[in-house]
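Peer 1: Protein chains in written order, with my numbering: chain V, 38 to 343; chain D, 2 to 599; chain B, 692 to 942.
Note that CB positions come from ideal geometry on N, CA and C, so glycine has one too.
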Amino acid sequence: MSLEQVEQLAAAGIINGSFYALLGAGFGVILGVTGRFHYAFALTFTFAAYVTSVLETDGHLPFPLSGLAGLIAAAALGVAIERWIYRPLAHASGALSLLTIFISSLGLTIAGVNLITLVWTAFSRSITLIDVRPLHIEGVTFTTLDVLIVATCWLLIAALNATLSFTDLGRSIRAARGNPYLARIMGLEPDAIYLAVFAIGSLLCGAAGILDGARYAVQPNMGIRPVVFAFVVAFLGGTQSRPLVVGLAGLLIGLIESLSGLFVSPQWSSLVVFSVLFIYLVLRPLDLRAFRIQILSAMPDPARGE
Amino acid sequence: MDYWWDILNLVLIFSIFAISLNLLVGYSGQVSVAHAAFGAIGGYIAAYLSTKTGLDFWPALAAGAFGAGLAGVLMSLPALRLSPEYLVLLTIAVSSIVLAIVGAVGELGGAYGMIATRAADLTPLPGGELLFPRQWVVPLLAFTALTYLICRRMGESAWGRVLRAIRDDEIAARALGCNVVAFKVVVFGVTSAFAGLAGVLLFYYNQIASPSVYGLDVSLKIFAMTIFGGLGNFLGSILGAAVLQLMQPMLEKIIQIDPGQAFLIQLVIYGLGLVVLVRVRPQGLLPEGFSLRGAIRSFKSNAATESASHAIAVAAMPLQDARCGAPAALPQQSPVILEVRGLSKRFGGIAACRGLDLDLQRGKIAALVGPNGAGKTTVFNLLTGALRADAGTIRLQGKEVRGLPPDVIARNGMVRSFQNVRLFGRMTAVENVMLGIRQLSGDWWCWPNGTRGGENLADLFLLPGVATRVERETREQAMEWLRLVGLAGVADTRAGTLSFGQQKLVSFARLLGTDADVLLLDEPASGIDSKWVDNILGLVAFMRDRGKTICIVEHSIHVVERLADTVFFMELGRITARGTIGELTSNPRLTEVYFGTV
Amino acid sequence: MAPSESASRLPDPVEAEPLLSVAGIDAGYGRKRVLHNVELAVGPGEAIALLGHNGAGKTTLLQAVFGLQPIWKGRLSFAGRPLGAHHSARAAVALGMAMIPAERFVFPDLTVLENLRLGVRGLSAAEGAQRIHAAYEDLPILRERAGQLAGTMSGGEQRMVSLSMALMRKPALLLLDEPSLGLSPAIAEQMMARVRRLVTQGVSVVLVEQNVPAALGVASRIYVLRSGRIILAEDAQAFTARGRENWWELF
Chain V
38 MSLEQVEQLA
48 AAGIINGSFY
58 ALLGAGFGVI
68 LGVTGRFHYA
78 FALTFTFAAY
88 VTSVLETDGH
98 LPFPLSGLAG
108 LIAAAALGVA
118 IERWIYRPLA
128 HASGALSLLT
138 IFISSLGLTI
148 AGVNLITLVW
158 TAFSRSITLI
168 DVRPLHIEGV
178 TFTTLDVLIV
188 ATCWLLIAAL
198 NATLSFTDLG
208 RSIRAARGNP
218 YLARIMGLEP
228 DAIYLAVFAI
238 GSLLCGAAGI
248 LDGARYAVQP
258 NMGIRPVVFA
268 FVVAFLGGTQ
278 SRPLVVGLAG
288 LLIGLIESLS
298 GLFVSPQWSS
308 LVVFSVLFIY
318 LVLRPLDLRA
328 FRIQILSAMP
338 DPARGE
Chain D
2 MDYWWDILNL
12 VLIFSIFAIS
22 LNLLVGYSGQ
32 VSVAHAAFGA
42 IGGYIAAYLS
52 TKTGLDFWPA
62 LAAGAFGAGL
72 AGVLMSLPAL
82 RLSPEYLVLL
92 TIAVSSIVLA
102 IVGAVGELGG
112 AYGMIATRAA
122 DLTPLPGGEL
132 LFPRQWVVPL
142 LAFTALTYLI
152 CRRMGESAWG
162 RVLRAIRDDE
172 IAARALGCNV
182 VAFKVVVFGV
192 TSAFAGLAGV
202 LLFYYNQIAS
212 PSVYGLDVSL
222 KIFAMTIFGG
232 LGNFLGSILG
242 AAVLQLMQPM
252 LEKIIQIDPG
262 QAFLIQLVIY
272 GLGLVVLVRV
282 RPQGLLPEGF
292 SLRGAIRSFK
302 SNAATESASH
312 AIAVAAMPLQ
322 DARCGAPAAL
332 PQQSPVILEV
342 RGLSKRFGGI
352 AACRGLDLDL
362 QRGKIAALVG
372 PNGAGKTTVF
382 NLLTGALRAD
392 AGTIRLQGKE
402 VRGLPPDVIA
412 RNGMVRSFQN
422 VRLFGRMTAV
432 ENVMLGIRQL
442 SGDWWCWPNG
452 TRGGENLADL
462 FLLPGVATRV
472 ERETREQAME
482 WLRLVGLAGV
492 ADTRAGTLSF
502 GQQKLVSFAR
512 LLGTDADVLL
522 LDEPASGIDS
532 KWVDNILGLV
542 AFMRDRGKTI
552 CIVEHSIHVV
562 ERLADTVFFM
572 ELGRITARGT
582 IGELTSNPRL
592 TEVYFGTV
Chain B
692 MAPSESASRL
702 PDPVEAEPLL
712 SVAGIDAGYG
722 RKRVLHNVEL
732 AVGPGEAIAL
742 LGHNGAGKTT
752 LLQAVFGLQP
762 IWKGRLSFAG
772 RPLGAHHSAR
782 AAVALGMAMI
792 PAERFVFPDL
802 TVLENLRLGV
812 RGLSAAEGAQ
822 RIHAAYEDLP
832 ILRERAGQLA
842 GTMSGGEQRM
852 VSLSMALMRK
862 PALLLLDEPS
872 LGLSPAIAEQ
882 MMARVRRLVT
892 QGVSVVLVEQ
902 NVPAALGVAS
912 RIYVLRSGRI
922 ILAEDAQAFT
932 ARGRENWWEL
942 F
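(1) Looking at the structure shown, is V:Gln42 part of a helix, part of a strand, or coil, going by DSSP?
(2) Please state if the CB of V:Ala85 and the CB of V:Leu108 are separated by a distance shorter than 8 Å.
(3) Could you name the residues of the same chain whose beta carbon sits closer than 7 Å to that of D:Met544, not counting the 5 residues immediately before and after it, in chain order?
(4) Less than 8 Å between CB atoms is the rule here; does V:Asp228 satisfy it with respect to chain B?
(5) For D:Ala35, does the three-state DSSP call read helix, strand or coil?
(6) Given a cut-off of 8 Å, decide if D:Ala80 and D:Phe195 are closer than it, judged by their beta-carbon atoms.
(7) Closer than 9 Å, Cβ to Cβ, to anything on chain D: give me those residues from the region 897-911 of chain B, in chain order.
(8) For D:Gly349, which of D:Ser21, D:Ala263 and D:Asp391 has the nearest alpha-carbon?
(9) On the DSSP letters alone, give me the boundaries of the beta strand (DSSP E) that B:Pro773 sits inside.
(10) Within a Cβ cutoff of 7 Å, which residues of the same chain sit near D:Leu83, ignoring the five residues on either side of it in sequence?
(11) Which runs of the beta strand (DSSP E) at least 3 residues long sit entirely within the region 828-914 of chain B? Give them in chain order.
(12) Any beta carbon from chain B within less than 8 Å of D:Pro525's own beta carbon?
(13) Rounded to whole angstroms, how far is the Cβ of V:Gly367 from the Cβ of V:Ala79, which I believe are closer than 8 Å?
(14) Identify every residue that forms a DSSP beta bridge with D:His556.
(15) Should D:Tyr271 and D:Ala225 be called a contact, given that it needs their Cβ atoms to be closer than 8 Å?
(16) Measuring only the C-alpha atoms, how far is D:Ala327 from D:Val416?
(17) What separation, rounded to the nearest whole angstrom, lies between the Cα atoms of B:Phe769 and B:Phe930?
(18) Would a check of beta-carbon distances place D:Asn433 closer than 8 Å to chain B?
(19) Which bits of chain D does V:Trp121 rub up against, with CB to CB less than 9 Å?
(20) By the 9 Å beta-carbon criterion, what residues does the region 718-738 of chain B contribute toward chain D?
(21) Is D:Ala309 helix, strand or coil by DSSP?
(22) B:Pro831: buried (16+ other C-beta within 10 angstroms of its C-beta) or exposed?
(23) Do D:Gln503 and D:Ile1 come within 8 Å of each other at the CB atom, strictly closer than that value?
(24) Beta-carbon of D:Ile98 versus every beta-carbon of chain V: anything under 8 Å?
(25) Work out the CA separation of V:Leu145 and D:Gly376 for me, nearest whole Å.
(26) Over what stretch of residues does the alpha helix (DSSP H) that includes D:Gly216 continue unbroken?
(27) To be precise: take each residue of the region 70-98 of chain D, compare its Cβ to all Cβ atoms of chain V, and keep it if any distance is under 8 Å. Which residues remain?
(28) Check D:Val519 in the structure and name its three-state DSSP category.
(29) Is the region 362-374 of chain D close to the region 410-427 of chain D, with three or more CB pairs under 8 Å?
(30) Restricting to Cα atoms, I'd like to know which of B:Pro870, B:Leu864 and B:Ile878 is closest to B:Gly734.
(31) Less than 8 Å between the C-beta atoms of B:Val797 and B:Gln849, yes or no?
(32) Measuring only between beta-carbons, confirm whether D:Arg282 sits less than 8 Å from chain V.
(33) Taking 8 Å as the CB-CB cut-off, is V:Asn53 touching chain D?
(34) Can you round the beta-carbon distance between V:Ile138 and V:Tyr123 to whole angstroms, since I take them to be within the 8 Å contact cut?
(35) I need the boundaries of the beta strand (DSSP E) containing D:Pro360, first residue and last residue.
(36) Please identify, using Cβ separations under 8 Å, the residues of the region 792-809 of chain B that lie next to chain V, in order along the chain.
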């Protein structure tokens, strides 16, 4: 175990961790405000990467535009899912909505991912964002792409944080998250807020997908593992926390995953992460009270006699 | 032809997965996406034992199922305290951990898995070695039938009724005396064991155990099968397994799509199918407990709801006339049935209860009144064990019950009603009342509820005669109670469709069914029309006349006046006055406390 | 708002057009009917109190008026306009109503200023700033604590903030659910004094209160609810004249 090894692993941990941070922040804002178990996050992730990749290679659109298109596609998909799938389903399912939304989310992901495979085949594609060149600093090696990834992730998280803290919309979102009943009394419209939250969360998700596609490859199953990490980071960071805090939780997870490589061989690192989650769930059952109350008091709908 | 035998075999193996998952998700309401991971545990145990130690088929099968069952029991322990959203997360974690382990350990073949060294051999049973798909059909049919019969027996019995109660309202189930912890542990253990069994079969059938065979996507597929077939319907699970497994072959053979495309298209279809199904027909292809006989009975009783209100008016008469004198307390029984001293509870900085003292006289009705925020409902929660008190003693018939879990206190003879009723909405009225009735017995195998009959697995499987007899008796008793409250006509109607007043009456019938000596009623007369109030009050007086001890929390002084023998005035967490309502309302200080001062 | 008559004058319901009119209302949750045939009226610049035991339906009535609960039967009208059975809280706010719930009446994770800002959503920046400034003038403590998280304030302070929030839109009708709950008598009196001042400025108030004397200090007329029905409607003086010891039989 040399210092150089530690530094290299730490660098990898920071890069991965930034990525998890973005995932957790995006997923967390959706979960915290709407309470929906949005497994189809994985689909938005993959869809954004594909849109960018296809526009780039087949459409010959340069990066900034193709990336932008990917982000818009992700946001649009998220909003569409909330508007036409989740919202009517939640109205119809009442107390069972957690389960039914999870199921339909699952179905959407399965259908969507395989539809993508039918259209664009399972062969991996690529995304080129910038010229990838290696960088060496103090014996640690990484690439220009890694720098872009870390910068983009934290920029987006900071933008989300700022939006929530300083804008009218952000205030409304935080109000709806912290006290849905009072938010309604003050004249806030839950439906509109949910759409905004899905747009924002999906945008961040799409960005993560594009970055992941650039870093590794774009292939249909690319979203399945990240969505699990999004869940983990969002819960660990706290569904009512500010995005920067959730981001830090993601960074921590990335570092734990990476640095565990000092003690166990690499194939065990995901085990370490899930064990952390498992231990958290075993030791902190009291914390979920806040989540439960949040879910149960989520904006009641007069049309259903709530 | 082998192609179709192969598909049938896979349908059968996945039916085992789906049926057992249905018992867990559909009947108990525990949403798990780790089912295939338990299959992995079973499959890998069998693979390891058979390849490394040359163990035969049957012992390896037993070991795999047992190992998976044990793992299920272990997972259930942290799951007990988790709400549904966190439970799903836990099962995701467990699935990922299991797969990470089997994928990383060299001894277990890593990412490539372990290849079987021998085929499954059914000796000493007839059948010999299973080398071709056709040879597997009969044994798999047997395994599937066994799974179906066992799960069905568990689900459609008194045992299953308790599971469904836990699913619909765990708190109410506990308050009636159901040992929720034990039921959850058993259902996790049993369903995981079946998953392990299916996992072992999958290993022997495919002759390989590898992480991809048991991945999260397989768990989700099994989940989809269960949903398709209908939660709470085991035949549906088989149907669901068939539909999902057959889709691809049908696309290939009948619509003549090439295999690669067919694989993808079937997944798109079943994904969209899930989305549509859960929206349009959430109960799945077949509804819960669907049976022709039940459908006809329920149709008949719907027509009877109109006459139910007449029945109530009629039933109210006998109640009032039946007011015989209260049976005198037996000489050796103390007149004080519940003694509470120094009960205290703090929530953060707020003392909800401080040194509360209370005595309930046997066979009398007491009422707790006080201004808002005095802590009245908290007292009920503390007495019944729903909340853990910080200090104090609670003696029920001389026995200390503070610190005992709610179901134990209920079985010791103190139960409560809820302000918002908390009936099990998806079950019929008579099933609700049956859940209150418990034939307690001291026999050692009467675990987990301490009862004979279908609620204990030993009787359920080993002494079916006893189970049937107890079930019949329980139903008869339940009908008696429903007749008493005038709702026999709606016995087979789903409780969730009854009016609020009817629901209240059913919940009282349920409480009477528990035969508990002490009944704590939380706002018995709230939320109902005045015509119902008279019935409810008559019923409460009737309960008292039959020797029950009752304590009510009531905000309406009006109701308290009509019912209570003694009234306790509670302010700021302690009882500061007791007497008749007349005494308390003529006390100027209490009047000031109750109505407020300027 | 033009300063109106003093608070002790009772507007005659027959002559003056009521600001809020509730007739024959039935409402409830799920299958539980909570309100039966409830009827009441509030005139402009008038304060009425809803009294009754816990669970009598007082909060449900406020929710029905404000659009948080659907109305099963009956008619509701505000400022001469009929409101639909499923009108929304958003519509209620737009028409000039404001409500303060009994519990959790501020946004705990937002600062005092952010809480107030939510009240001026939709108004122009200038107008919004002006109203917040006016709120600071009315209650200087708001300015002092503008950056403090509302959840860290005491109960009484939170109540004061909640009242300022409700007043941001200059409502014509204020629905207050147990404003004195959990407050010490001194702070409760401060709260009530503020409400009395509002009434003199012409704001109509529907006050749900457990603390009867405090309610009588503000309202000119009272309604008593019991088990979802109005069993008594009379003016405050007559109710006080009954004598405390006789209030029990109404609850």
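Peer 2: Checking against the coordinates, here is how it stands:
(1) Here residue 42 of chain V refers to the residue found at position 5 of the first sequence. The answer is helix: DSSP assigns V:Gln42 an H, G or I state.
(2) Here the question's residue 108 of chain V lines up with position 71 in the first sequence. Here the question's residue 85 of chain V lines up with position 48 in the first sequence. Contact flag set, yes.
(3) Reading the second sequence from its first residue, position 543 is the one you call residue 544 of chain D. Leu513, Leu520 and Ile551.
(4) As a first step, residue 228 of chain V must be located in the first sequence, where it is residue number 191. Chain B contact via Cβ: absent.
(5) Residue mapping note: residue 35 of chain D aligns to position 34 of the second sequence, counting from 1. Note: D:Ala35 maps to coil in three-state DSSP.
(6) In the second sequence, the residue the question calls residue 195 of chain D occupies position 194. In the second sequence, the residue the question calls residue 80 of chain D occupies position 79. Not closer than 8 Å, so no.
(7) Glu900, Gln901, Asn902, Val903, Pro904, Ala905, Ala906, Leu907 and Gly908
(8) Position 348 of the second sequence holds residue 349 of chain D. Nearest C-alpha to D:Gly349: D:Asp391.
(9) Walking along the third sequence from the start, residue 773 of chain B turns up at place 82. Segment Arg772 to Leu774, the beta strand (DSSP E) holding B:Pro773.
(10) For this step, residue 83 of chain D is matched to residue 82 along the second sequence. Excluding sequence neighbours, D:Leu83 sits near Leu91.
(11) 864-868 and 895-899
(12) Position 524 of the second sequence holds residue 525 of chain D. No, D:Pro525 lies away from the interface with chain B (no Cβ there is under 8 Å from its Cβ).
(13) In the structure as shown, chain V begins at 38 and stops at 343. Residue 367 of chain V is therefore absent and cannot be evaluated.
(14) In the second sequence, residue 556 of chain D corresponds to position 555, counting from 1. Note: D:His556 sits in no beta bridge, so no partner.
(15) Locating residue 271 of chain D in the second sequence gives position 270, counting from the first residue. Locating residue 225 of chain D in the second sequence gives position 224, counting from the first residue. In contact: D:Tyr271 and D:Ala225 (Cβ atoms closer than 8 Å).
(16) Residue numbering aside, residue 327 of chain D sits at position 326 when the second sequence is read from its first letter. Residue numbering aside, residue 416 of chain D sits at position 415 when the second sequence is read from its first letter. With a pLDDT of 43 at D:Ala327, under the threshold of 50, the modelled position of this residue cannot be trusted, and the question is left open.
(17) On the third sequence, residue 769 of chain B is found 78 positions in, with the first residue counted as 1. On the third sequence, residue 930 of chain B is found 239 positions in, with the first residue counted as 1. Approximately 27 Å between the Cα atoms of the pair.
(18) Position 432 of the second sequence, counted from the start, is the residue given in the question as residue 433 of chain D. By this cut-off, D:Asn433 is not an interface position.
(19) Counting from 1 along the first sequence, the entry for residue 121 of chain V is found at position 84. None at all; the shortest Cβ gap to chain D is about 10 Å.
(20) Gly719, Tyr720, Gly721, Arg722, Lys723, Arg724, Val725 and His727
(21) Taking the first residue of the second sequence as 1, we reach residue 309 of chain D at position 308. At D:Ala309, the pLDDT of 42 sits below 50, so the modelled position is not reliable; the number obtained from the coordinates is stated separately. Reduced to three states, the DSSP call for D:Ala309 is helix.
(22) Taking the third sequence and counting its residues from 1, one reaches residue 831 of chain B at position 140. The residue is exposed, with fewer than 16 neighbouring Cβ atoms inside 10 Å.
(23) Since the first and last residues shown for chain D are 2 and 599, residue 1 of chain D lies out of range.
(24) Position 97 of the second sequence, counted from the start, is the residue given in the question as residue 98 of chain D. So, interface residue.
(25) Start at 1 with the first residue of the second sequence, and residue 376 of chain D comes out as number 375. Start at 1 with the first residue of the first sequence, and residue 145 of chain V comes out as number 108. One C-alpha to the other measures close to 47 Å.
(26) In the second sequence, counting from the first residue as 1, residue 216 of chain D sits at position 215. Unbroken run through D:Gly216: none, as it is neither H nor E.
(27) Pro79, Arg82, Leu83, Ser84, Pro85, Glu86, Tyr87, Val89, Leu90, Leu91, Ile93, Ala94, Val95, Ser97 and Ile98
(28) Sequence index remark: in the second sequence, residue 519 of chain D carries index 518 (1-based). Of the three classes helix, strand and coil, the one that applies to D:Val519 here is strand, per DSSP.
(29) no
(30) Locating residue 734 of chain B in the third sequence gives position 43, where the first residue counts as 1. Measuring from the Cα of B:Gly734, the nearest candidate turns out to be B:Leu864.
(31) Within the third sequence, the letter at position 106 stands for residue 797 of chain B. Within the third sequence, the letter at position 158 stands for residue 849 of chain B. Yes, they are a contact pair.
(32) Working through the second sequence from its first residue, we reach residue 282 of chain D at position 281. It does not: the Cβ of D:Arg282 has no partner Cβ on chain V nearer than 8 Å.
(33) Against the first sequence, residue 53 of chain V aligns to sequence position 16. By this cut-off, V:Asn53 is not an interface position.
(34) The sequence position of residue 138 of chain V within the first sequence is 101, counting from 1. The sequence position of residue 123 of chain V within the first sequence is 86, counting from 1. That belief holds up - the Cβ atoms of V:Ile138 and V:Tyr123 are roughly 6 Å apart, short of 8 Å.
(35) As a working note, residue 360 of chain D is residue 359 in the second sequence. Reading the sequence as shown, one finds Asp at residue 360 of chain D and not Pro. It spans Ile351 to Gln362 - the beta strand (DSSP E) in which D:Asp360 sits, taken as one unbroken run.
(36) Pro792, Arg795, Phe796, Val797, Phe798, Pro799, Asp800, Leu801, Glu805, Arg808 and Leu809
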